[in-house]
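If you're matching positions, the sequence shown starts at 368 in our numbering and goes up one per residue. To start, the structure itself, in structure tokens.
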Amino acid sequence: MTEPHDPRGNLVRPYAVTRGRTEPIRDIPIEAVLVASPAAVQESRFAGHDKYRIAVLCEPKALSLAELAALTRLPLGVARVLVADMVADGLLALHSAAPKKGFTERMDLLGRVLSGLRKL
Numbered sequence: 368m369t370e371p372h373d374p375r376g377n378l379v380r381p382y383a384v385t386r387g388r389t390e391p392i393r394d395i396p397i398e399a400v401l402v403a404s405p406a407a408v409q410e411s412r413f414a415g416h417d418k419y420r421i422a423v424l425c426e427p428k429a430l431s432l433a434e435l436a437a438l439t440r441l442p443l444g445v446a447r448v449l450v451a452d453m454v455a456d457g458l459l460a461l462h463s464a465a466p467k468k469g470f471t472e473r474m475d476l477l478g479r480v481l482s483g484l485r486k487l
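Printed below as a string of structure tokens:
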């Protein structure tokens with residue numbers, strides 16, 4: 368048994384959060400913007416702690432997948448699996464700012480975003 372002050376006592380393995388899944392049911396880009404549905408917070412109370420936290424964060428304002436992963440301190444892959452599940456369940460609405468054409472266009476968009484952030 369771990370000591371109460373031992374930081375390893377709070378560790379939950381990522382595969383436990385996603386029930387062993389490593390791939391999301393749909394591809395969600397890291398820059399995709401997510402908004403909670405009107406009933407998301409209420410319904411996600413029964414979907415697990417991490418999904419509830421995601422719903423609470425997306426209720427007042429839209430957030431990207433990358434922001435959600437950072438704010439919840441979940442690995443990006445874990446956040447992607449959970450968010451994909453929530454989109455499939457209708458708890459989150461997905462708005463992708465990226466062009467649907469391919470990797471090059473997505474990288475160009477991310478480059479423009481990074482350039483804009485550097486100018487701030």
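The beta-carbon is built from N, C-alpha and C at its ideal position, and this holds for glycine as well. This one's a predicted model, so the numbers in the text were calculated from it and none came from an experiment.
For residue i, the three-state DSSP class (helix, strand or coil)
i: residue 484; result: helix
i: residue 461; result: strand
i: residue 475; result: helix
i: residue 370; result: At residue 370 the pLDDT is 45, less than 50, meaning the model places this residue with poor confidence and gives no usable figure here.
i: residue 456; result: coil
Neighbour-count burial assignment, residue i, 16 or more Cβ in a 10 Å radius
i: residue 406; result: exposed
Cα-Cα separation, residue i to residue j
i: residue 480; j: residue 430; result: 15 Å
i: residue 416; j: residue 440; result: 13 Å
i: residue 409; j: residue 485; result: 38 Å
i: residue 476; j: residue 399; result: 12 Å
i: residue 483; j: residue 456; result: 34 Å
i: residue 450; j: residue 427; result: 17 Å
i: residue 446; j: residue 473; result: 20 Å
What runs of the beta strand (DSSP E), each 3 residues or longer, lie entirely inside the stretch 394-445?
400-403
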